[in-house]
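First the structure, in the form of structure tokens, and then the observations on it.
2 protein chains.
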Amino acid sequence: MMTLDEFQKFAHQLVDWMVDYYRNIEHFPVKSQVEPGEILNQLPQEAPEKAEDFSTVFEDFKQIILPGMTHWQSPNFFAYFPANASYPSLLAEMLTATLAAQCMIWETSPAATELEERVMDWLKKAMGLPPQWEGVIQDTASTSTLVALLTARERYSEFSANERGMAPFAPLRVYCSTETHSSIEKAVMLGGFGKENLVKVAVDEQLRLDPSALEKAIERDLKAGKKPLAVVATLGTTGTTAIDPLKPIAAICARYALWLHVDAAFAGTALLLPEYRWMIEGVEQVDSFVFNPHKWMFTHFDCSAYYVKDRQALLRTMSVLPEYLKTSTRGRVKEYRDWGIQLGRRFRALKLWFVLRSFGLEGIRQILRNHLQWAAGLEEEIKGQNDFEMMAPRTLNLVCFRYHPPAVSDEQKLDEINQALLQRLNASGRLFLTHTRVQGKYTLRMVTGQTYLQKKHVQQAWQFIKQTAREMTL
Amino acid sequence: MMTLDEFQKFAHQLVDWMVDYYRNIEHFPVKSQVEPGEILNQLPQEAPEKAEDFSTVFEDFKQIILPGMTHWQSPNFFAYFPANASYPSLLAEMLTATLAAQCMIWETSPAATELEERVMDWLKKAMGLPPQWEGVIQDTASTSTLVALLTARERYSEFSANERGMAPFAPLRVYCSTETHSSIEKAVMLGGFGKENLVKVAVDEQLRLDPSALEKAIERDLKAGKKPLAVVATLGTTGTTAIDPLKPIAAICARYALWLHVDAAFAGTALLLPEYRWMIEGVEQVDSFVFNPHKWMFTHFDCSAYYVKDRQALLRTMSVLPEYLKTSTRGRVKEYRDWGIQLGRRFRALKLWFVLRSFGLEGIRQILRNHLQWAAGLEEEIKGQNDFEMMAPRTLNLVCFRYHPPAVSDEQKLDEINQALLQRLNASGRLFLTHTRVQGKYTLRMVTGQTYLQKKHVQQAWQFIKQTAREMTL
Numbered sequence: 002m003m004t005l006d007e008f009q010k011f012a013h014q015l016v017d018w019m020v021d022y023y024r025n026i027e028h029f030p031v032k033s034q035v036e037p038g039e040i041l042n043q044l045p046q047e048a049p050e051k052a053e054d055f056s057t058v059f060e061d062f063k064q065i066i067l068p069g070m071t072h073w074q075s076p077n078f079f080a081y082f083p084a085n086a087s088y089p090s091l092l093a094e095m096l097t098a099t100l101a102a103q104c105m106i107w108e109t110s111p112a113a114t115e116l117e118e119r120v121m122d123w124l125k126k127a128m129g130l131p132p133q134w135e136g137v138i139q140d141t142a143s144t145s146t147l148v149a150l151l152t153a154r155e156r157y158s159e160f161s162a163n164e165r166g167m168a169p170f171a172p173l174r175v176y177c178s179t180e181t182h183s184s185i186e187k188a189v190m191l192g193g194f195g196k197e198n199l200v201k202v203a204v205d206e207q208l209r210l211d212p213s214a215l216e217k218a219i220e221r222d223l224k225a226g227k228k229p230l231a232v233v234a235t236l237g238t239t240g241t242t243a244i245d246p247l248k249p250i251a252a253i254c255a256r257y258a259l260w261l262h263v264d265a266a267f268a269g270t271a272l273l274l275p276e277y278r279w280m281i282e283g284v285e286q287v288d289s290f291v292f293n294p295h296k297w298m299f300t301h302f303d304c305s306a307y308y309v310k311d312r313q314a315l316l317r318t319m320s321v322l323p324e325y326l327k328t329s330t331r332g333r334v335k336e337y338r339d340w341g342i343q344l345g346r347r348f349r350a351l352k353l354w355f356v357l358r359s360f361g362l363e364g365i366r367q368i369l370r371n372h373l374q375w376a377a378g379l380e381e382e383i384k385g386q387n388d389f390e391m392m393a394p395r396t397l398n399l400v401c402f403r404y405h406p407p408a409v410s411d412e413q414k415l416d417e418i419n420q421a422l423l424q425r426l427n428a429s430g431r432l433f434l435t436h437t438r439v440q441g442k443y444t445l446r447m448v449t450g451q452t453y454l455q456k457k458h459v460q461q462a463w464q465f466i467k468q469t470a471r472e473m474t475l
Numbered sequence: 002m003m004t005l006d007e008f009q010k011f012a013h014q015l016v017d018w019m020v021d022y023y024r025n026i027e028h029f030p031v032k033s034q035v036e037p038g039e040i041l042n043q044l045p046q047e048a049p050e051k052a053e054d055f056s057t058v059f060e061d062f063k064q065i066i067l068p069g070m071t072h073w074q075s076p077n078f079f080a081y082f083p084a085n086a087s088y089p090s091l092l093a094e095m096l097t098a099t100l101a102a103q104c105m106i107w108e109t110s111p112a113a114t115e116l117e118e119r120v121m122d123w124l125k126k127a128m129g130l131p132p133q134w135e136g137v138i139q140d141t142a143s144t145s146t147l148v149a150l151l152t153a154r155e156r157y158s159e160f161s162a163n164e165r166g167m168a169p170f171a172p173l174r175v176y177c178s179t180e181t182h183s184s185i186e187k188a189v190m191l192g193g194f195g196k197e198n199l200v201k202v203a204v205d206e207q208l209r210l211d212p213s214a215l216e217k218a219i220e221r222d223l224k225a226g227k228k229p230l231a232v233v234a235t236l237g238t239t240g241t242t243a244i245d246p247l248k249p250i251a252a253i254c255a256r257y258a259l260w261l262h263v264d265a266a267f268a269g270t271a272l273l274l275p276e277y278r279w280m281i282e283g284v285e286q287v288d289s290f291v292f293n294p295h296k297w298m299f300t301h302f303d304c305s306a307y308y309v310k311d312r313q314a315l316l317r318t319m320s321v322l323p324e325y326l327k328t329s330t331r332g333r334v335k336e337y338r339d340w341g342i343q344l345g346r347r348f349r350a351l352k353l354w355f356v357l358r359s360f361g362l363e364g365i366r367q368i369l370r371n372h373l374q375w376a377a378g379l380e381e382e383i384k385g386q387n388d389f390e391m392m393a394p395r396t397l398n399l400v401c402f403r404y405h406p407p408a409v410s411d412e413q414k415l416d417e418i419n420q421a422l423l424q425r426l427n428a429s430g431r432l433f434l435t436h437t438r439v440q441g442k443y444t445l446r447m448v449t450g451q452t453y454l455q456k457k458h459v460q461q462a463w464q465f466i467k468q469t470a471r472e473m474t475l
């Protein structure tokens with residue numbers, strides 16, 4: 002059994018390895034190059050009976066596991082949305098894992114609860130969210146959105162003549178745009194609404210939810226005897242970071258008394274910049290709001306910031322109180338276990354605190370503005386080429402584009418070319434991009450949002466993309 | 002902004018602090034002694050504009066946060082169920098946080114998916130679970146149980162004449178014992194079944210679910226036009242670690258075609274010991290099974306091992322496939338995002354791998370047997386006193402007892418005495434116990450399950466409990 006002295010020795014070794022990892026990270030193949038089964042087949046079929054030396058285990062980590070990792074913290078990672086880490090956040094994770102406290106209720110670690118309350122308040126103020134909102138850290142936006150829809154369902158069932166919970170007479174309808182993240186559809190399924198009761202409303206030419214289409218869909222449902230329940234507006238869609246127009250959507254929700262949930266999972270961080278506050282005009286009407294500091298705010302996954310206007314509705318949805326959780330402080334403290342699905346909770350506020358203090362709001366804003374500026378520069382570059390084109394308006398730091406050699410006009414051929422281009426780029430290991438489809442067309446996505454990204458990485462990537470595309474045999 | 006060199010310096014400092022923490026942990030007040038608001042009021046109202054030095058932040062961590070932590074890793078922590086950490090697991094958490102990979106799909110880190118498959122397989126074999134089962138790591142047992150009930154609901158809706166999802170004609174009924182964990186009730190609420198459709202079945206004198214009462218409840222529901230859907234059997238209840246009799250419950254589930262979910266969140270670890278395999282007689286009939294290595298298997302939270310018999314039913318419940326998650330390996334690899342609620346996933350298999358290899362199965366078994374033996378010793382001690390009594394049979398390493406001075410026979414008075422005793426014990430900071438009620442009677446719970454617990458800690462605790470009780474003014 003590893004002793005504390007051995008732990009000390011290995012932990013110091015690990016720290017040096019960790020530093021080397023970050024020092025060299027941009028030279029690793031960004032996207033893992035292994036084949037399905039390649040890792041699995043190197044791992045024995047049975048757990049070892051006898052204890053093994055940590056040095057053996059660590060060696061296997063380096064030899065077997067590491068080649069199977071996609072390096073999300075590489076500055077050459079431009080795929081999906083980033084999942085940001087940072088050095089201060091990493092230090093916090095070390096401490097969180099050391100304390101290893103189960104922060105399910107106030108009493109099981111008062112500091113975890115109270116620090117969470119405070120940092121969620123800090124963020125709310127720094128982002129210009131309504132002062133009366135209250136926040137809690139969830140694990141993911143998937144969970145946050147599920148929690149929102151469950152709360153909307155609960156509030157409805159209180160208002161309805163039926164019993165609480167399942168089986169309303171009319172199907173409950175949830176609205177979002179055709180560009181909305183898959184987690185909305187999943188939440189609708191898991192919430193028992195029935196997949197067919199998610200209404201995907203049309204978008205405008207900028208891929209933003211069209212409020213008039215929303216209103217028509219609601220009217221249509223009302224006439225058909227269905228019950229409109231909730232709208233999910235997205236600030237920053239996954240495909241293209243389109244920003245749904247919150248103000249008219251909020252007005253519609255007010256008119257029909259619908260729950261309004263805002264999914265700002267990625268783009269929410271931009272609210273730290275005053276120049277992006279236009280995104281939340283109409284926010285007073287919003288019932289719940291999620292954004293993920295673990296995406297673009299340098300804080301380790303999992304850290305999803307969830308805000309609610311009406312705390313009581315959330316608590317009614319989530320509260321159960323068994324004997325073994327009754328404490329003498331009940332009623333005087335926040336019990337975050339009643340603010341989400343899981344009873345067990347990690348001490349997640351610590352990393353947010355470390356990040357906010359170590360970077361400072363100014364420091365965070367500066368990095369965000371760099372990312373945005375580099376994306377704008379990339380957009381200009383793309384627009385300046387006759388064989389590349391922008392595929393969607395750039396609103397933040399995601400650039401959607403494709404290679405379009407002037408000689409090719411067939412859309413299917415263009416799809417094939419860009420699919421092949423993406424495959425070739427990613428196989429190089431030099432960068433990692435992902436794709437989406439914009440109006441059916443295969444589109445490359447490049448997000449400039451990694452914590453330690455520098456301008457040179459963006460420039461190198463763009464040179465490499467251009468070169469690779471132009472070297473392809475069409 | 003913290004540089005990599007600064008990170009290196011601070012990370013080494015932290016490692017030494019972490020080691021000191023563990024070296025001194027048994028001398029800290031186990032349960033935080035702060036008052037509500039005490040931490041909150043020390044934290045500024047606004048996030049800092051300017052970056053702060055890490056040394057300042059770390060100093061605040063030690064001065065402000067640490068006194069507000071309950072020390073779950075203290076060997077004097079006997080409360081709830083443990084939330085085990087261990088040195089190998091901590092090393093893994095450092096690496097996980099360093100890689101900071103978002104392991105949502107195979108492609109975003111093949112090693113994370115394939116290592117998860119392998120370690121879940123290792124555990125399955127080591128615990129004697131059915132070979133055809135397949136496993137996935139969820140965050141908590143709360144989530145695992147919710148996933149189980151959602152899958153049961155989905156399977157039912159496929160079989161029923163109704164549309165998928167919500168609004169079956171008959172209320173769906175879920176059965177568990179009166180001793181079941183609150184997460185079952187919460188899952189029933191969140192799953193939209195309606196709280197009133199959770200049927201809490203009576204227990205026998207050993208607080209185990211009574212199969213004949215279960216069958217009667219099912220029959221009663223059928224006659225009333227309700228639809229029995231699922232049974233949750235508990236191996237190791239939270240109150241007293243009662244073990245529901247799986248074999249007769251499984252037979253009933255087979256007879257009525259009910260989904261059988263097993264919540265072995267804490268006690269599951271004991272299946273590593275052949276002498277505890279009797280707990281799972283009848284397991285072939287089980288549909289889903291959860292146990293938490295983060296409780297009693299030295300692996301950091303969150304790590305909840307969830308097994309299913311019919312993977313397809315789970316996938317049908319959880320799968321959505323948007324364009325931006327389509328990859329060329331689709332169909333050839335496991336996509337664990339379709340095995341649970343959240344899209345985002347931490348690399349949680351690594352710590353399990355480090356633990357299993359660093360302790361070895363033999364090493365783990367030895368520690369479990371120590372814990373069990375010390376609990377047995379404690380039981381003997383209690384039985385040997387004329388002023389203490391056991392309140393429930395001891396099945397594992399949880400001892401349920403109370404102080405019962407011979408002169409006192411009034412039950413309400415005994416409740417008050419034991420409540421006061423618990424308060425006094427925990428206020429001392431020397432240990433931390435929690436309580437439950439057994440047949441309505443206030444009962445102290447003492448779990449001997451902390452990773453680095455030694456016999457002397459159990460003995461010291463028991464001496465202190467005896468002494469404190471006997472010094473009380475009645």
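Residue numbers (my numbering), protein chains in the order written: chain A, 2 to 475; chain B, 2 to 475. C-beta atoms are modelled at their ideal positions from N, C-alpha and C, and glycine is treated no differently. Predicted model only: the values in this text are computed from it and were never measured.
Exercise. On the three-pair Cβ rule with 8 Å, is the region 73-83 of chain A touching the region 311-323 of chain A?
Worked result: no
Exercise. In whole angstroms, what separates the C-alpha of M121(A) from that of E135(A)?
Worked result: Position 120 of the first sequence holds residue 121(A). Position 134 of the first sequence holds residue 135(A). CA-CA distance, M121(A) to E135(A), rounds to 8 Å.
For this session: Report the residues of the region 272-293 of chain B with a CB closer than 7 Å to any CB of chain A, ordered along the chain.
Result: none
Exercise. If the cut is a Cβ gap below 7 Å, which residues of chain B does M2(A) touch?
Worked result: Along the first sequence, read from residue 1 onward, the residue named residue 2(A) stands at position 1. Under the 7 Å cutoff, chain B gives F360, G364.
Problem set entry | Check: V204(A) C-beta below 7 Å from any heavy atom of the ligand HEM | Among the components of this structure there are no ligands whatsoever, and the ligand HEM is therefore not found.
For this session: Can you check the region 43-114 of chain B for any alpha helix (DSSP H) of at least 4 residues that lies completely inside it and give the ranges in chain order?
Result: 55-61, 88-100
For this session: Kindly say whether I66(B), judged by its beta-carbon, lies nearer than 8 Å to any beta-carbon of chain A.
Result: In the second sequence, the residue the question calls residue 66(B) occupies position 65. Yes, contact with chain A.
Exercise. Alpha carbon to alpha carbon, how far is R431(A) from L116(B)?
Worked result: By 1-based counting over the first sequence, the position of residue 431(A) is 430. By 1-based counting over the second sequence, the position of residue 116(B) is 115. Looking at the two C-alpha atoms, the distance is approximately 25 Å.
Exercise. For the region 109-128 of chain B, which residues have a beta carbon sitting closer than 9 Å to at least one beta carbon of chain A?
Worked result: T109, S110, P111, A112, A113, T114, E115, L116, E118, R119, V120, D122, W123, L124, K126, A127
Exercise. By the 10 Å Cβ neighbour count, where 16 or more other Cβ atoms means buried, how is G38(A) classified, buried or exposed?
Worked result: Here the question's residue 38(A) lines up with position 37 in the first sequence. Looking at its Cβ environment, which holds fewer than 16 other Cβ atoms inside 10 Å, G38(A) is exposed.
Exercise. By Cβ distance below 6 Å, which residues in the same chain neighbour R165(A) in space, the five residues on each side in sequence not counted?
Worked result: Walking along the first sequence from the start, residue 165(A) turns up at place 164. At R165(A) the pLDDT is 41, less than 50, meaning the model places this residue with poor confidence; the figure from the coordinates comes in the next sentence. Answer for R165(A): S158, listed in chain order.
Exercise. With N419(B) and R403(B) assumed to form a contact (beta carbons below 8 Å), what rounded beta-carbon distance in angstroms separates them?
Worked result: Counting from 1 along the second sequence, the entry for residue 419(B) is found at position 418. Counting from 1 along the second sequence, the entry for residue 403(B) is found at position 402. With 8 Å as the limit, N419(B) and R403(B) qualify as a contact, their Cβ atoms being about 5 Å apart.
For this session: From the DSSP output, in three-state form, read off H436(A) for me.
Result: For the purposes of this step, residue 436(A) is taken as residue 435 along the first sequence, with counting starting at 1. DSSP places H436(A) in strand when its eight states are reduced to three.
For this session: Please classify P294(B): is it buried, with 16 or more other beta-carbons within 10 angstroms of its beta-carbon, or exposed?
Result: Here residue 294(B) refers to the residue found at position 293 when the second sequence is read from its first residue. By the 10 Å Cβ count, P294(B) comes out buried.
Problem set entry | Beta-carbon spacing of L130(A), Y277(A) below 8 Å | Your numbering for residue 130(A) matches position 129 in the first sequence. Your numbering for residue 277(A) matches position 276 in the first sequence. No, the pair does not count as a contact, with Cβ atoms beyond the cut-off.
For this session: Kindly list the residues whose CB is nearer than 7 Å to the CB of A265(B), restricted to its own chain and excluding five residues on each side of it in sequence; keep chain order.
Result: Locating residue 265(B) in the second sequence gives position 264, counting from the first residue. For A265(B), where only same-chain residues beyond five positions count, the Cβ hits under 7 Å are L236, G237, F290, V291, F292.
Exercise. So, are the CB atoms of K442(B) and M473(B) less than 8 Å apart?
Worked result: In the second sequence, the residue the question calls residue 442(B) occupies position 441. In the second sequence, the residue the question calls residue 473(B) occupies position 472. No, these two residues do not count as a Cβ contact at 8 Å.
Problem set entry | Through-space distance from M190(A) to N163(B), alpha-carbon basis | The count along the second sequence starts at 1 and reaches residue 163(B) at position 162. The count along the first sequence starts at 1 and reaches residue 190(A) at position 189. Here N163(B) scores only 46 on pLDDT, less than 50, and its place in the model is too uncertain to base an answer on.
Exercise. Is D21(B) buried or exposed, if buried means 16 or more other CB atoms sit within 10 Å of its CB?
Worked result: Residue numbering aside, residue 21(B) sits at position 20 when the second sequence is read from its first letter. D21(B) should be labelled exposed.
For this session: Give a yes or no on whether the C-beta atoms belonging to A113(A) and A350(A) are separated by under 8 Å.
Result: Numbered from 1 along the first sequence, position 112 holds the residue referred to as residue 113(A). Numbered from 1 along the first sequence, position 349 holds the residue referred to as residue 350(A). In this structure, A350(A) lies closer than 8 Å to A113(A) by Cβ.
Exercise. Is the Cβ of R154(A) closer than 8 Å to any Cβ of chain B?
Worked result: On the first sequence, position 153 is the one that residue 154(A) refers to. Closer than 8 Å: yes.
Exercise. So does the region 190-209 of chain A actually touch the region 256-263 of chain A, counting three or more Cβ pairs closer than 8 Å?
Worked result: no
Problem set entry | Nonlocal neighbours in the same chain, by C-beta distance under 6 Å from E186(A), ignoring five residues either side | Translated into the one-based positions of the first sequence, residue 186(A) becomes position 185. Hits under 6 Å: L199.
Problem set entry | For E417(A), the three-state DSSP class (helix, strand or coil) | Residue numbering aside, residue 417(A) sits at position 416 when the first sequence is read from its first letter. Correct three-state label for E417(A): helix.
Problem set entry | C104(A) and R347(A) closer than 8 Å at C-beta | Stepping through the first sequence from its first residue, residue 104(A) is reached at position 103. Stepping through the first sequence from its first residue, residue 347(A) is reached at position 346. The answer is yes: Cβ separation under 8 Å.
Problem set entry | Interface flag, V58(A) vs chain B, CB-CB below 8 Å | Counting from one through the first sequence, the residue named residue 58(A) turns up at place 57. By this cut-off, V58(A) is an interface position.
Problem set entry | Neighbour flag for E53(A) against chain B, beta carbons, 8 Å | For the purposes of this step, residue 53(A) is taken as residue 52 along the first sequence, with counting starting at 1. Contact with chain B is found for E53(A), since one of that chain's Cβ atoms lies less than 8 Å from the residue's Cβ.
Exercise. For R174(A), which of helix, strand or coil comes out of DSSP?
Worked result: What you label residue 174(A) is simply residue 173 of the first sequence in a count that begins at 1. It is a strand residue.
Problem set entry | Integer Cβ distance of K352(B) from C304(B), believed to fall under 8 Å | Position 351 of the second sequence, counting from 1, holds the residue named residue 352(B). Position 303 of the second sequence, counting from 1, holds the residue named residue 304(B). Contact holds; Cβ gap of about 7 Å.
For this session: Measure the C-alpha to C-alpha separation of A168(A) and R154(A) and round it to an integer number of angstroms.
Result: Position 167 of the first sequence, counting from 1, holds the residue named residue 168(A). Position 153 of the first sequence, counting from 1, holds the residue named residue 154(A). For A168(A), the predicted structure reports a pLDDT of 48, less than 50, and the residue's modelled location is therefore unreliable. A value from the coordinates is still provided. Taking the Cα positions, A168(A) is about 11 Å away from R154(A).
Problem set entry | Within chain A, the residues that D303(B) reaches when beta carbons sit closer than 7 Å | Counting from 1 along the second sequence, the entry for residue 303(B) is found at position 302. The contacting residues are G345, R347.
Problem set entry | Identified DSSP bridge partners for V202(A) | Residue mapping note: residue 202(A) aligns to position 201 of the first sequence, counting from 1. Beta-bridge pairing links V202(A) to S178(A).
Exercise. So what's E27(B) in DSSP terms, helix, strand or just coil?
Worked result: Along the second sequence, read from residue 1 onward, the residue named residue 27(B) stands at position 26. Three-state result, E27(B): helix.
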